[in-house]
Amino acid sequence: MRDALRWVCEAAKGAGAAFADARAVDSTHTNLRRQDGKTDRLRQGTSLGVGIRVLLEGAWGFASTNETSRDDLKRCLEAAVDMAKASQARVEEPGVVAALDAHADEYAGPCEVDPRSVAVERKMEVVNALEAAALAQTQERTANSFAWYGDEVTREIVCNTQGADIDQTVTRTRLGARVTAVEGEVRQNGVEHESSLGGFEVIERVEPTKLGGKAGGIAVMLLGAARAPSGKFPVILHPSIVGVFIHEALGHNAEADHIISGDSILEGKFGTPVASELVTVVDDATIPLSWGSYQYDSEGTPGQRRMLIENGVLKGYMHSLETAAKLGLEPNGSGRADGYASRPIVRMSNTIVLPGASTLEDLAQGIDLGVLLEGGEWGYVMTAKGQYTCHAGRGRMIRNGQIAEPLRDVSVAGMILDTLANVDGVTEAFEMLTMGGMCGKSGQSMPTNGGGPYLRVKELIVGGQERV
Amino acid sequence: MAAGAEFAQVSASRGRSFSVSLEKGAIETSQQRESSGVSVRAYHRGGVGSTSVNVLDWGRIEAAAHAAVALAKQSDPDPDFVALPGPQPLPEVEGLFDERIAGLAASQVIGWALAATDEALAAAPEAIVSGGASFGVGDSAMASSTGVQVSTPYSGLSCYIRAVVRRGDSVGTWFEHAYGRVMEDFRPEGIGKVAAEGALEYLDARDIPSGDYPLVLGPQAADSVYYAIAAQANAEDVQRRRSYLIGKRGQRIAPETLTITDDPLIPRGRSSSRCDSDGVPRRPLTIVEDGVLLTYLHNAYTANKAGEPNTGHAAGDGIGPTNVNVRLGSRPAKELIAEIDDGIYLASGGPSPDGTTGDFSSTVDFGFKIERGEIAYPIRNAALGGSFLEFLQGLDAISSDYREEPGARMPTMRFTSVRLAGSG
Numbered sequence: 000m001r002d003a004l005r006w007v008c009e010a011a012k013g014a015g016a017a018f019a020d021a022r023a024v025d026s027t028h029t030n031l032r033r034q035d036g037k038t039d040r041l042r043q044g045t046s047l048g049v050g051i052r053v054l055l056e057g058a059w060g061f062a063s064t065n066e067t068s069r070d071d072l073k074r075c076l077e078a079a080v081d082m083a084k085a086s087q088a089r090v091e092e093p094g095v096v097a098a099l100d101a102h103a104d105e106y107a108g109p110c111e112v113d114p115r116s117v118a119v120e121r122k123m124e125v126v127n128a129l130e131a132a133a134l135a136q137t138q139e140r141t142a143n144s145f146a147w148y149g150d151e152v153t154r155e156i157v158c159n160t161q162g163a164d165i166d167q168t169v170t171r172t173r174l175g176a177r178v179t180a181v182e183g184e185v186r187q188n189g190v191e192h193e194s195s196l197g198g199f200e201v202i203e204r205v206e207p208t209k210l211g212g213k214a215g216g217i218a219v220m221l222l223g224a225a226r227a228p229s230g231k232f233p234v235i236l237h238p239s240i241v242g243v244f245i246h247e248a249l250g251h252n253a254e255a256d257h258i259i260s261g262d263s264i265l266e267g268k269f270g271t272p273v274a275s276e277l278v279t280v281v282d283d284a285t286i287p288l289s290w291g292s293y294q295y296d297s298e299g300t301p302g303q304r305r306m307l308i309e310n311g312v313l314k315g316y317m318h319s320l321e322t323a324a325k326l327g328l329e330p331n332g333s334g335r336a337d338g339y340a341s342r343p344i345v346r347m348s349n350t351i352v353l354p355g356a357s358t359l360e361d362l363a364q365g366i367d368l369g370v371l372l373e374g375g376e377w378g379y380v381m382t383a384k385g386q387y388t389c390h391a392g393r394g395r396m397i398r399n400g401q402i403a404e405p406l407r408d409v410s411v412a413g414m415i416l417d418t419l420a421n422v423d424g425v426t427e428a429f430e431m432l433t434m435g436g437m438c439g440k441s442g443q444s445m446p447t448n449g450g451g452p453y454l455r456v457k458e459l460i461v462g463g464q465e466r467v
Numbered sequence: 000m001a002a003g004a005e006f007a008q009v010s011a012s013r014g015r016s017f018s019v020s021l022e023k024g025a026i027e028t029s030q031q032r033e034s035s036g037v038s039v040r041a042y043h044r045g046g047v048g049s050t051s052v053n054v055l056d057w058g059r060i061e062a063a064a065h066a067a068v069a070l071a072k073q074s075d076p077d078p079d080f081v082a083l084p085g086p087q088p089l090p091e092v093e094g095l096f097d098e099r100i101a102g103l104a105a106s107q108v109i110g111w112a113l114a115a116t117d118e119a120l121a122a123a124p125e126a127i128v129s130g131g132a133s134f135g136v137g138d139s140a141m142a143s144s145t146g147v148q149v150s151t152p153y154s155g156l157s158c159y160i161r162a163v164v165r166r167g168d169s170v171g172t173w174f175e176h177a178y179g180r181v182m183e184d185f186r187p188e189g190i191g192k193v194a195a196e197g198a199l200e201y202l203d204a205r206d207i208p209s210g211d212y213p214l215v216l217g218p219q220a221a222d223s224v225y226y227a228i229a230a231q232a233n234a235e236d237v238q239r240r241r242s243y244l245i246g247k248r249g250q251r252i253a254p255e256t257l258t259i260t261d262d263p264l265i266p267r268g269r270s271s272s273r274c275d276s277d278g279v280p281r282r283p284l285t286i287v288e289d290g291v292l293l294t295y296l297h298n299a300y301t302a303n304k305a306g307e308p309n310t311g312h313a314a315g316d317g318i319g320p321t322n323v324n325v326r327l328g329s330r331p332a333k334e335l336i337a338e339i340d341d342g343i344y345l346a347s348g349g350p351s352p353d354g355t356t357g358d359f360s361s362t363v364d365f366g367f368k369i370e371r372g373e374i375a376y377p378i379r380n381a382a383l384g385g386s387f388l389e390f391l392q393g394l395d396a397i398s399s400d401y402r403e404e405p406g407a408r409m410p411t412m413r414f415t416s417v418r419l420a421g422s423g
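One line per chain: the protein sequences are A and B, in this order.
All letters in the first sequence, in the order written, are residues 0 to 467 by numbering that gives the first Met the number 0.
All letters in the second sequence, in the order written, are residues 0 to 423 by numbering that gives the first Met the number 0.
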């Protein structure tokens with residue numbers, strides 16, 4: 000296949016392309032699920048295809064196919080060239096690509112036990128243990144239980160006209176449990192995940208029974224939790240939500256394609272303060288085993304650690320080959336595609352807030368009435384407007400400087416720059432997310448991760464149900 | 000079946016699509032995709048195994064079939080599964096496929112996208128305009144060991160524009176789209192102007208105090224409320240005891256004003272089809288009538304488990320609604336707003352509850368303050384929270400006028416009160 004992709008790049012040059020790349024993606028996956036004490040959905044699948052991107056006279060074209068013979072690839076290239084010609088109908092800023100020292104490499108990511116070599120029965124034992132541990136917590140209060148295991152092995156080959164020639168294989172494994180507990184009319188969910196680069200050895204590190212037990216314990220705990228308050232409060236964000244918060248609130252705005260398209264509130268703020276001095280944020284594709292890490296992006300650029308905010312000052316963006324060229328900066332390995340049928344766009348990897356020096360107790364001190372939020376589940380951002388939303392699976396009231404009664408799930412919302420400026424406490428304690436996040440952008444879904452310390456924000460809108 | 004399955008179902012699809020994306024009023028890229036796929040579902044003593052391949056190669060498909068049977072044999076027996084549905088006469092639905100869309104040239108689709116962009120820039124020259132246009136055509140087919148054989152061509156054509164306007168620190172943004180399964184329903188004219196003029200309306204947003212406010216949901220916000228009810232009247236969620244609608248069938252869940260229908264047979268409807276993914280004929284269904292929840296949505300498995308008629312809502316491995324609509328009221332939206340002295344108007348993103356707890360907690364992304372009967376100014380930094388079933392009791396009017404999209408008439412809805420977390 001590498002030969003065929005190299006041939007495509009040469010043929011693209013022959014067709015007049017200033018730049019072209021060809022990517023082949025071959026993946027296999029297994030997803031096993033158990034529900035209410037029985038196997039539920041056992042699935043396996045394979046996918047193979049090629050995507051070709053062409054820059055012709057300043058205009059971009061892309062075409063993809065799941066037929067991979069030489070003739071099919073020739074036809075796909077012709078379609079990509081036709082697409083580039085169609086794009087020439089209106090080009091305001093001609094497409095450009097940064098020159099990069101081309102890498103040639105064969106790389107296999109961390110994987111001690113190839114999941115394709117492990118029998119489905121063995122994988123199901125993990126799922127059974129997960130569910131049993133969850134049910135041991137909820138017992139007669141169980142309404143519904145889920146447990147799951149999934150693995151995916153993806154080989155991505157990238158060749159381009161600058162000489163990039165990368166053949167990398169990435170293995171990801173995830174497992175988790177979600178249990179609904181019921182008492183009277185109250186139903187509450189507990190969810191726990193573990194997601195990592197790596198093969199079947201991941202389950203040894205995770206201890207599925209602990210994971211399942213934690214999910215069950217959360218569901219039971221939430222049965223006795225109060226509804227969250229409604230209003231503006233001092234808020235402490237637990238590390239398990241800081242990863243979601245910083246991804247949504249800051250990360251998307253620091254994607255250079257949003258800067259170039261005028262869709263980011265960080266446009267024009269490079270080198271200026273955009274957050275409290277306590278805030279330092281990096282996006283780091285090199286964190287060992289983290290769900291969002293990778294050796295090379297989908298353009299063949301090595302993944303790396305990128306400083307986004309240093310002590311409150313905006314220091315950098317995430318770049319693809321094209322955004323780096325447009326802004327006159329170095330590519331930093333953020334051009335990712337979610338499969339052969341998608342073109343690479345600027346994406347995050349593992350976005351984290353670096354730890355500070357405080358303790359959780361320090362942060363709680365001085366809050367008379369506030370909220371601690373935990374268990375980040377999802378979020379979204381409107382980059383141009385600078386408004387974000389994060390959903391927490393649970394929380395705690397803070398009363399007179401003490402962590403108090405538990406709260407049910409709730410969303411918080413805010414204006415990004417206000418929130419970042421209002422961070423007035425950062426702990427030394429730090430955690431990475433384990434949820435196996437899939438970030439959506441432009442119709443593509445990519446594995447990303449996040450993490451951070453506890454953050455205290457002076458005030459934040461809490462969209463709860465109860466008047467205080 | 001030869002490998003030992005007791006039942007089997009095979010779905011296949013083949014299609015192609017074209018899309019153009021726009022950035023800052025110019026073309027970012029054009030893309031063509033060709034795709035195909037086959038998925039196999041095998042059953043053994045009620046247990047199910049599923050496999051998929053994206054290459055139409057007989058060897059791979061045969062391997063996928065054997066793998067599906069092997070997975071099914073490793074599943075626990077499920078006595079609630081009895082059989083896959085057999086063949087039944089299917090209704091005809093007009094306008095699921097338009098050959099003219101299949102014959103479109105890229106230049107035509109690009110022309111629509113650029114015209115919509117120019118419209119937006121004419122309405123607001125300082126706007127940053129993005130968006131795109133696309134079409135997709137193809138065939139999907141399904142066959143089962145019980146004799147079902149269905150093949151359906153599909154087509155769709157869409158155009159989308161988003162405008163952002165910045166004035167100092169103030170940012171306004173809005174969007175509009177056009178969609179059609181057939182050419183006649185695709186009307187991109189005007190969407191650029193709507194997006195740009197909408198963006199201007201969101202400039203100079205203000206913080207407002209926390210409190211309980213009357214709430215008006217515009218067509219694109221109201222849609223999320225009644226669609227949520229239809230989607231969450233899901234028989235599997237009820238049977239699995241993870242739904243806030245458990246025990247609510249036959250009960251009043253909203254005032255008499257609310258009647259919700261699901262009609263998959265609407266000609267040219269966005270979610271119209273002849274049969275569900277089990278091959279069961281589609282038919283119209285009233286989900287809520289005069290505020291009373293009449294039924295849950297079933298697929299073949301849940302209907303058998305409950306011993307109830309199958310409503311024909313299988314969607315992949317799960318259950319999903321189709322074209323969801325509400326009964327219209329008697330007065331226009333303007334009159335409903337005029338009666339509010341101090342309230343909130345949401346243009347998009349209405350309250351949508353967690354399917355298990357029935358609580359909602361959502362940000363006001365596109366909201367306005369209503370003062371003295373008129374939409375006064377945009378608001379920011381606010382969130383809504385509450386119990387969805389309690390919130391529904393406050394539904395006091397649905398408008399007579401509506402936004403129309405293929406398969407949907409989307410009116411405005413008014414509620415007596417919602418809890419808003421604001422800045423005071």
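The beta-carbon is built from N, C-alpha and C at its ideal position, and this holds for glycine as well.
Since this is a predicted model, take the numbers as computed values, not measurements.
Problem set entry | Three-way DSSP call (helix, strand, coil) for histidine 28/A in this model | Reduced to three states, the DSSP call for histidine 28/A is strand.
Exercise. Can you tell me the Cα-Cα spacing of glycine 48/A and aspartate 25/A, whole angstroms?
Worked result: Cα to Cα, glycine 48/A sits roughly 7 Å from aspartate 25/A.
For this session: Find the nearest neighbour of tyrosine 339/A within the set Met396/A, Gly13/A, Arg40/A and Arg52/A, judged by alpha-carbon distance.
Result: Nearest option by C-alpha distance: Arg52/A.
Problem set entry | Span separating the alpha-carbon of alanine 6/A from that of lysine 12/A | The amino acid at residue 6/A is misidentified as alanine; the sequence shows tryptophan. Between tryptophan 6/A and lysine 12/A, the C-alpha separation is close to 10 Å.
Problem set entry | Cut-off 6 Å between Cβ atoms - residues of its own chain near leucine 70/B, not counting five sequence neighbours on either side | Taking leucine 70/B as the centre and dropping the five residues before and after it, the same chain places the C-beta of Gly48 closer than 6 Å to its C-beta, in chain order.
For this session: Would you kindly check if the distance between the Cβ of arginine 335/A and the Cβ of serine 297/A is under 8 Å?
Result: Taking 8 Å as the Cβ cut-off, serine 297/A and arginine 335/A qualify as a contacting pair.
Problem set entry | For aspartate 211/B, the residue or residues it bridges with in DSSP | Paired residue(s): Arg418/B.
Problem set entry | CB contact below 8 Å: alanine 105/B versus chain A | Put simply, the CB of alanine 105/B is near chain A, with a gap under 8 Å to one of its CB atoms.
For this session: Could you tell me whether the Cβ of tryptophan 59/A comes closer than 8 Å to any Cβ of chain B?
Result: Cβ-Cβ to chain B under 8 Å: yes for tryptophan 59/A.
Problem set entry | Closest Cα partner of cysteine 122/B within the set Met141/B, Asp138/B, Val170/B and Ala162/B | In the sequence as presented, cysteine is not what sits at residue 122/B; that position holds alanine. Nearest in C-alpha terms to alanine 122/B, of all of Met141/B, Asp138/B, Val170/B and Ala162/B, is Ala162/B.
Exercise. Does any residue of chain A bring its CB to less than 8 Å from the CB of aspartate 75/B?
Worked result: In terms of beta-carbon proximity, aspartate 75/B lines the interface with chain A, with at least one pair separated by less than 8 Å.
For this session: Sort Ser329/B, Ser361/B and Ala407/B by Cα distance to threonine 321/B and report the nearest one.
Result: Closest in alpha carbon position to threonine 321/B, among Ser329/B, Ser361/B and Ala407/B, is Ala407/B.
Exercise. Excluding sequence positions up to five away, which residues of its chain have a Cβ less than 6 Å from the Cβ of serine 223/B?
Worked result: By the criterion of a C-beta distance shorter than 6 Å, serine 223/B is surrounded in its chain by Gly349 and Ser351, once the five residues flanking it on both sides are discounted.
Problem set entry | 7 Å Cβ shell around valine 181/A - same chain, five flanking residues per side excluded | Excluding positions up to five away in sequence, the list reads Arg140 and Ala142.
Exercise. Should asparagine 310/A be labelled buried (16 or more other beta-carbon atoms within 10 Å of its own) or exposed?
Worked result: Counting Cβ neighbours within 10 Å, asparagine 310/A comes out exposed, since fewer than 16 surround it.
Exercise. For asparagine 380/B, which residues in chain A fall below 9 Å Cβ to Cβ?
Worked result: Chain A residues near asparagine 380/B: Lys231, Gln386, Ala412, Gly413, Met414, Asp417 and Ile460.
Problem set entry | Per DSSP, the bridge partner or partners of aspartate 275/B | According to DSSP, aspartate 275/B bridges with nothing at all.
Exercise. From glycine 171/B to serine 347/B, what does the alpha carbon distance come to, in whole angstroms?
Worked result: Distance between the alpha carbons of glycine 171/B and serine 347/B: 14 Å.
Exercise. Taking 8 Å as the CB-CB cut-off, is isoleucine 26/B touching chain A?
Worked result: Yes, contact with chain A.
Exercise. Going along chain E in order, which residues have a C-beta closer than 7 Å to the C-beta of alanine 383/A?
Worked result: The structure shown contains no chain E; the protein chains it does contain are A and B.
Problem set entry | Three CB pairs or more closer than 8 Å across the stretch 446-461 of chain A and the stretch 8-22 of chain B | The count of Cβ pairs closer than 8 Å, one atom from the stretch 446-461 of chain A and one from the stretch 8-22 of chain B, stays below three, leaving the stretches out of contact.
For this session: Can you have a look at threonine 85/A and say buried or exposed, based on whether 16 or more other CB atoms are within 10 angstroms of its CB?
Result: In the sequence as displayed, the identity of residue 85/A is alanine instead of threonine. Residue burial annotation: alanine 85/A is buried, with at least 16 other C-beta atoms found within 10 angstroms of its C-beta.
For this session: Would you mind reading off the limits of the alpha helix (DSSP H) that contains valine 80/A?
Result: Valine 80/A -> alpha helix (DSSP H) spans 69-86.
Problem set entry | DSSP beta-bridge partners of proline 308/B | Beta-bridge pairing links proline 308/B to no other residue.
Problem set entry | Assigned secondary structure, threonine 116/B (DSSP; H/G/I helix, E/B strand, else coil) | Residue state, collapsed to three classes: helix.
For this session: Please confirm whether alanine 198/B and valine 164/B have their CB atoms less than 8 Å apart.
Result: In contact: alanine 198/B and valine 164/B (Cβ atoms closer than 8 Å).
Problem set entry | Residue range of the unbroken beta strand (DSSP E) whose run includes asparagine 188/A | 185-196 is the extent of the beta strand (DSSP E) around asparagine 188/A.
For this session: Compute the Euclidean distance between the alpha carbons of glutamate 130/A and alanine 420/A, then round it to the nearest angstrom.
Result: Just so you know, the alpha carbons of glutamate 130/A and alanine 420/A end up roughly 43 Å apart.
Exercise. Of all the CB atoms in chain A, is at least one closer than 8 Å to the CB of asparagine 53/B?
Worked result: Output row for asparagine 53/B: interface = yes.
Exercise. Per DSSP, tyrosine 153/B forms a beta bridge with which residues?
Worked result: Note: tyrosine 153/B sits in a beta bridge opposite Gly137/B.
For this session: Determine the direct distance from the alpha carbon of isoleucine 265/B to that of glutamine 167/A, and round the result to whole angstroms.
Result: Using only the alpha carbons, I get a separation of about 48 Å.
Exercise. Any idea if glutamine 138/A is buried or exposed, counting beta-carbon neighbours within 10 angstroms, 16 or more meaning buried?
Worked result: The residue in question, glutamine 138/A, is exposed, as its Cβ has fewer than 16 Cβ neighbours within 10 Å.
Exercise. Along the chain, where does the alpha helix (DSSP H) that runs through histidine 257/A open and close?
Worked result: Taken as a continuous stretch (DSSP letters only), the alpha helix (DSSP H) holding histidine 257/A covers 255-259.
Exercise. Comparing the CB of threonine 350/A with every heavy atom of the ligand MN, is any distance shorter than 7 Å?
Worked result: Questions concerning the ligand MN fall outside what the structure shown contains, since it holds no ligand whatsoever.
Problem set entry | Reduced DSSP category for valine 411/A - H, G, I as helix; E, B as strand; rest coil | Valine 411/A falls in the strand class under three-state DSSP.
Exercise. So, helix, strand or coil for cysteine 158/A, using DSSP?
Worked result: In the structure shown, cysteine 158/A sits in a strand (DSSP, three-state: E or B).
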